[in-house]
Structure formats: structure tokens, C-alpha cells
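Asks: Numbering (the UniProt record's numbering), first residue to last: 1 to 609. Note that CB positions come from ideal geometry on N, CA and C, so glycine has one too.
What follows is the structure in C-alpha cells.
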């Protein structure tokens with residue numbers, strides 16, 4: 001602990017040595033020195049490279065201007081905050097200062113944060129206190145940003161205390177930085193308290209930071225409430241808050257709201273930056289409007305790794321594996337973006353969802369051998385999923401056995417599920433189940449899948465034992481829900497829903513739908529897993545209620561969009577396909593893993609999910 005601040009475990013404050021002093025000490029002049037000495041020097045803002053800066057710095061030293069506070073501060077600022085700058089060189093300038101002040105320390109703290117060294121930024125603060133310098137309302141925001149980058153809650157709390165003791169509780173810059181820091185550390189309640197303390201001093205940045213905090217924690221509804229409150233408060237939303245609202249719209253499936261935010265962006269800003277454009281692409285694809293998202297993507301003049309990751313992963317969720325691979329190929333051909341870990345997760349996922357086994361194997365080899373991207377557990381998980389979906393269960397198991405990094409909970413669960421889907425090797429399923437237990441997995445679906453396989457093999461004792469073990473461990477299925485947007489409002493349904501205002505009409509409509517579908521050959525599944533879904537509040541029942549509600553409250557021919565939190569079962573898949581044909585509606589369903597788009601009784605997944 002230095003100066004009352006407990007620092008993270010980093011190297012001590014030992015910057016590199018300062019540049020050599022001028023050979024002629026007499027050349028040092030006061031700040032009011034001859035103007036002709038400055039007139040022969042190019043202004044700092046014209047410097048474009050580190051080499052140019054070093055030459056200019058040498059001339060400052062020769063003229064004795066490097067120790068004049070005003071000029072030294074300008075040199076420090078340019079070197080630490082410019083794109084071409086170097087923090088090592090900036091530290092050498094800093095150490096050459098006879099008596100660095102608060103401004104100089106602020107510059108070094110800020111520069112360290114900008115150049116990705118938040119731990120180094122925090123080390124300047126105790127040194128500042130040791131010199132009896134008073135931090136100001138620029139010091140604390142930079143320090144809090146460093147804590148945000150490190151998710152260093154303990155240090156953030158201490159800096160908050162220091163700021164409060166010095167009377168910065170009502171400073172807008174400090175409070176906004178506090179909201180942002182607490183949000184990035186996952187402390188939403190603390191962020192809310194900092195926001196409330198601001199009272200009438202709140203700015204657009206305050207609202208935006210709090211909305212982003214809720215968005216990061218997956219509190220999508222609250223994020224949208226804050227966005228609405230921001231507009232009611234008479235403040236125009238900025239791009240950052242709209243990005244948070246777009247993310248919330250995507251995750252909630254609130255297409256109408258996302259589209260209205262898009263309109264507000266076009267009205268409020270003459271040009272949209274790459275973050276906003278990518279967020280729009282993500283929102284439209286995530287809400288089921290693939291072509292709208294792709295149209296925005298095609299019009300983007302600049303694309304980064306995040307943009308390509310969003311599009312490739314989005315195409316994967318829509319089952320458009322070949323299109324995803326084409327986008328990936330176009331990216332490589334353009335040569336402007338090297339594929340990273342996230343992009344390859346999307347590529348391998350696209351191959352898995354589309355059943356492109358050979359392409360997936362080639363992409364995996366290319367990732368390792370050509371692009372030198374080391375495989376992560378996520379990549380191995382995609383490969384296990386790809387092989388398992390293709391029925392290559394033994395090959396998937398061999399990959400897992402030979403690769404410790406591939407032995408994750410998600411990969412074993414995928415293998416177990418594939419054993420059931422392909423009615424495969426029960427012994428292999430048992431191995432997967434044992435490995436999940438060893439990883440302390442707490443998922444009721446694992447026990448149910450294994451129990452169902454025992455039942456299919458007529459091993460009733462093992463089936464009952466597995467069910468009892470699930471009960472003894474206190475494992476229950478997560479409640480299923482389905483959400484549908486009608487006239488800009490989200491409606492959520494659960495199994496046996498008794499709270500919706502239109503519940504009577506909805507149940508009557510659901511009964512009529514099922515009665516009509518029986519004439520088309522539909523019979524509710526008697527599969528053990530489907531019965532379990534209905535008994536435990538599964539997604540199938542809630543999805544049928546959401547469909548009934550949408551048919552009641554939307555115009556004939558319009559598209560129905562539904563989001564459900566569980567993987568779609570066979571019975572519900574058959575049911576929804578028939579509804580799309582009988583009622584002549586396009587129904588888009590986003591389940592836990594992917595999109596299903598039903599048109600005239602046919603699903604875009606090709607029954608491969």
C-alpha cells in the first residue's frame with residue numbers, strides 16, 4: 001500500500017533513464033526566452049512519426065527549452081497521447097522534469113491508459129501523492145478508466161474514496177467515470193448509486209454509462225428503460241447509448257424498437273461510425289432480418305474484426321454456412337483484416353450448423369497452420385459439435401481424448417446430446433456423462449438425455465437411477481419462456497401462463513390451432529423428453545402460446561418473430577412448420593442455438609439442428 005492505495009502486483013515505478021542533457025547548460029532559458037528560438041521550430045502538431053518527434057525533441061534540448069514547464073508539458077502530451085507516440089520515451093521526458101506537476105502526472109496516467117498499460121497508470125498515482133501534489137477532476141477519471149480496463153474493483157473503490165474525500169462527489173467527469181468503472185466491474189448497484197447521487201447534474205454521458213452497465217450484465221429490459229428515461233428527461237441520446245439500446249433490442253428480439261433507434265440515428269447523425277454500423281448489423285441479424293443486416297454490412301466502407309465476426313456468426317445462426325464461408329473468403333481476399341480467434345469461432349460454428357464437415361475440417365487446419373491462430377476450447381467445442389452433428393461420434397471422442405483443451409463441459413454435453421440424436425453408442429454416452437460429473441456440471445438436461453437413452457435401450461433400472469440422481473442433486477430444468485413483439489411491445493409467455501391479460505383468448509386460439517392441425521396429420525409427441533418439457537414449463541408450450549397470441553394480434557400475412565430460451569424440440573418444430581403452412585405465415589424462431597425460419601411448412605434449418 002502506497003499513499004493509502006493498495007496497488008495491483010506490478011513492477012515498481014522505475015521508468016527508463018531520461019535522455020542525455022544538453023552539452024551546453026547555459027543554453028537553458030526561461031519560459032520568456034527569445035521568440036526567435038521558437039520560431040525556427042516546427043509546431044508539435046505537424047509531427048507525424050516518432051522519428052520526427054525525437055529530432056524535434058533534440059532541438060528543444062539544444063535550445064534549452066526542454067525544461068521550461070510549458071514546453072516540456074507540450075512535449076510530454078504529444079509523445080504520450082499521439083498515435084505514433086511511445087510511453088517509454090514519454091517516461092524519459094517525464095523523469096527529466098525538475099518538478100513535474102499535476103498536469104504532467106495526469107498526462108502520464110492518461111497516456112498509459114491510452115497505450116494499454118492500465119497497471120502502469122495506477123503506479124503514477126501514489127508517486128503523485130508522495131510529492132504532495134493534489135489530484136484534480138482530470139486525475140480521477142483517468143485512474144478510474146485504468147481500473148475499468150483491469151476490472152480492478154478493489155482499487156476502484158479506494159480511488160472512489162480518495163475522490164470523495166477531496167470533494168469530487170458532484171463532479172460530472174468523476175461521477176460519470178465512477179458509473180462506467182462500476183459497470184465494467186459488474187457492480188450495477190454501485191453504478192446506480194453513483195448515478196442517483198448526481199441528481200440534476202446528470203449528463204447524456206451519465207445515462208449512457210448506466211445503460212451500458214445494465215447491457216453488459218444482460219439486464220436488457222432495464223437498459224431499454226434507461227434509454228426511454230433518457231429521452232423523457234429531455235436529453236438527446238448519444239451514439240454510445242444507442243449502441244447499448246441496439247444490443248438490448250437484439251437480445252430481447254425487439255425488432256420494432258431496434259428499427260426506431262436506427263431511424264433516430266439517421267435523423268441525429270450525419271455519418272455513423274463503425275461501432276454504430278456494426279451494432280445495427282448485429283441487431284437486424286439477431287432479430288431475424290438477415291437481409292437487412294447484410295445490406296448494411298455491404299454498404300459499410302470500413303469493416304473491422306468485430307464486424308466480420310458479427311456477420312459470420314449471424315449467418316451461422318441462420319444456417320447460412322456457405323454464405324458465411326463466402327464472407328470469410330471475401331475478407332481474406334480483401335487483405336484488410338487478419339482472421340482472429342472470434343472470427344474463426346464463427347466460421348467453424350457456421351460449418352457445424354450447416355453440416356459442412358469437410359469444409360469445417362479444412363478451416364480448422366487453415367486456422368492453425370496458415371493463420372497461426374492457436375485453437376482455444378471454443379474452437380475445439382465447435383469441432384466436436386461439427387463431428388457429432390455429422391454422426392462422427394467416435395472421431396469426436398478421439399479428438400477429445402487426445403486434446404485436453406477440448407475436454408470442456410460444453411464439448412462433453414454436445415457429445416452426449418449427439419449420442420441421443422443419432423441413437424448412437426450408449427457406452428460413449430455413459431463416458432460423456434461420467435466426464436460431466438467429474439467437471440461438476442449442474443445441468444438437468446445431461447441426466448435427462450442419459451435417462452432417455454437408457455429407456456430406449458430398455459434399461460429401466462438405469463433410467464430410474466439416473467432420474468433419482470438428478471433429483472438428489474437438486475437439479476431442475478430452467479423455466480422455459482417465449483417472447484414475441486407485437487406493435488412495438490414485448491410479450492413474454494411461460495408454460496401454463498395465467499397472468500397475461502389476453503390469456504383466455506390466447507388459450508382458445510391455441511386450442512383451435514391444435515384442433516385444425518390434427519386434420520393435417522399432427523399428433524402431439526409422446527416422446528419422454530417432450531413430456532418432460534411440457535410438465536416442467538418447457539419452451540414448446542410457451543412457444544405455442546406465443547404463436548397463438550401473434551396470430552390473434554397481427555395482420556394476415558405479416559411475419560411472426562419469436563425468441564425462446566430453450567432448444568426447440570421435435571414436437572414444437574413440427575407444430576410450427578404446420579402452422580406456417582396452414583395459416584400462411586412466415587414464422588421466425590430464435591431458440592438457444594440458432595434461427596428457424598418456417599415458410600409454407602418448411603424450415604430453413606433443413607431439420608438439421
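(1) Between which two residues does the beta strand (DSSP E) containing residue 598 stretch?
(2) Do residue 214 and residue 188 have their C-beta atoms closer together than 8 Å?
(3) Taking only the alpha-carbon atoms, compute the straight-line gap between residue 74 and residue 127 and give it to the nearest angstrom.
(4) If we ignore side chains and look at the alpha-carbon of each, how far apart do residue 488 and residue 256 end up?
(5) Rounding to the nearest angstrom, what Cα-Cα distance links residue 331 and residue 102 in this structure?
(6) What residue range does the alpha helix (DSSP H) around residue 127 cover?
(7) Kindly indicate which residue of 185, 68, 54 has the alpha-carbon position closest to the one of residue 84.
(8) Strictly by DSSP, which residues pair up with residue 491?
(9) Are residue 546 and residue 494 touching if we call contact CB-CB under 8 Å?
(10) Apart from the five residues on each side of it in sequence, which residues of its chain come closer than 6 Å, Cβ to Cβ, to residue 356?
(11) Put residue 68 into one of helix, strand or coil per three-state DSSP.
(12) Just curious, the alpha helix (DSSP H) that residue 389 is in, first and last residue?
(13) Can you tell me which of the three DSSP states residue 605 falls into?
(14) Please give the ranges of any alpha helix (DSSP H) in the segment 125-179, keeping only runs that are unbroken, at least 4 residues long and fully inside the region.
(15) Take the Cβ of residue 499 as the centre, count every other Cβ of all protein chains shown within 10 Å, and call the residue buried at 16 or more, exposed below.
(16) Whole angstroms is fine: what's the gap from residue 589's alpha carbon to residue 371's?
(17) Measure from the alpha carbon of residue 585 to the alpha carbon of each residue in 91, 606, 558, 568, then state which is nearest.
(18) Tell me the rounded alpha-carbon separation between residue 411 and residue 576.
(19) Specify the secondary structure class of residue 567 as computed by DSSP and reduced to three states.
(20) What three-state label does DSSP hand residue 589 in the structure shown?
(21) If you count every other CB in all the chains shown that lies within 10 Å of the CB of residue 466, and 16 or more means buried, which is it?
(22) Tell me whether residue 23 is buried or exposed, calling it buried when 16 or more other Cβ atoms sit within 10 Å of its Cβ.
(23) Terminal residues of the continuous alpha helix (DSSP H) containing residue 287?
(24) Residue 560 bridges to which residues according to DSSP?
(25) Who are the Cβ neighbours of residue 386 in its own chain at under 7 Å, not counting the five residues just before and after it?
(26) Using a beta-carbon distance below 8 Å, is residue 98 in contact with chain C?
Replies: In terms of the structure at hand:
(1) Locating residue 598 in the chain shown gives position 598, where the first residue counts as 1. Segment 595-599, the beta strand (DSSP E) holding residue 598.
(2) Within the chain shown, the letter at position 214 stands for residue 214. Within the chain shown, the letter at position 188 stands for residue 188. Going by C-beta atoms, residue 214 is nearer than 8 Å to residue 188.
(3) For the purposes of this step, residue 74 is identified with residue 74 of the chain shown, where counting begins at 1. For the purposes of this step, residue 127 is identified with residue 127 of the chain shown, where counting begins at 1. Going by the C-alpha atoms only, they are around 21 Å apart.
(4) Translated into the one-based positions of the chain shown, residue 488 becomes position 488. Translated into the one-based positions of the chain shown, residue 256 becomes position 256. Going by the C-alpha atoms only, they are around 5 Å apart.
(5) As a first step, residue 331 must be located in the chain shown, where it is residue number 331. As a first step, residue 102 must be located in the chain shown, where it is residue number 102. Roughly 46 Å between the two C-alpha positions.
(6) Locating residue 127 in the chain shown gives position 127, counting from the first residue. Its alpha helix (DSSP H) spans residues 118-130.
(7) The residue given as residue 84 occupies position 84 in the chain shown. Selected option, being the one with the closest Cα: 54.
(8) As a first step, residue 491 must be located in the chain shown, where it is residue number 491. Answer by DSSP bridge pairing, in chain order: 484.
(9) Indexing the chain shown from 1 puts residue 546 at position 546. Indexing the chain shown from 1 puts residue 494 at position 494. Not in contact: residue 546 and residue 494 (Cβ atoms no closer than 8 Å).
(10) Counted from its first residue, the chain shown places residue 356 at position 356. Excluding positions up to five away in sequence, the list reads 321.
(11) As a working note, residue 68 is residue 68 in the chain shown. In the structure shown, residue 68 sits in coil (DSSP, three-state: anything other than H, G, I, E or B).
(12) Start at 1 with the first residue of the chain shown, and residue 389 comes out as number 389. Its alpha helix (DSSP H) spans residues 377-389.
(13) For the purposes of this step, residue 605 is identified with residue 605 of the chain shown, where counting begins at 1. The answer is coil: DSSP assigns residue 605 none of H, G, I, E or B.
(14) 139-150, 153-165
(15) Within the chain shown, the letter at position 499 stands for residue 499. Answer is exposed; the Cβ neighbour count stays below 16.
(16) Here residue 589 is taken as the residue at index 589 of the chain shown, counted from 1. Here residue 371 is taken as the residue at index 371 of the chain shown, counted from 1. Going by the C-alpha atoms only, they are around 35 Å apart.
(17) Working through the chain shown from its first residue, we reach residue 585 at position 585. Of the candidates 91, 606, 558, 568, the one whose C-alpha sits nearest the C-alpha of residue 585 is 558.
(18) Working through the chain shown from its first residue, we reach residue 411 at position 411. Working through the chain shown from its first residue, we reach residue 576 at position 576. For residue 411 and residue 576, the distance between alpha carbons rounds to 29 Å.
(19) Against the chain shown, residue 567 aligns to sequence position 567. It is coil, neither helix nor strand.
(20) Along the chain shown, one-based indexing puts residue 589 at 589. Correct three-state label for residue 589: strand.
(21) Taking the first residue of the chain shown as 1, we reach residue 466 at position 466. Burial call: buried.
(22) By 1-based counting over the chain shown, the position of residue 23 is 23. Because the pLDDT of residue 23 is 38, which lies under 50, any placement of that residue in the model is unreliable, and the question is left without a value.
(23) The residue given as residue 287 occupies position 287 in the chain shown. It is not in any alpha helix (DSSP H) - residue 287 carries neither H nor E in the DSSP assignment.
(24) Residue 560 sits at position 560 when you count from the first residue of the chain shown. Paired residue(s): 587.
(25) Stepping through the chain shown from its first residue, residue 386 is reached at position 386. Hits under 7 Å: 348, 351, 352, 357, 360.
(26) Given the protein chain composition of this structure (a single chain), no chain C is represented.
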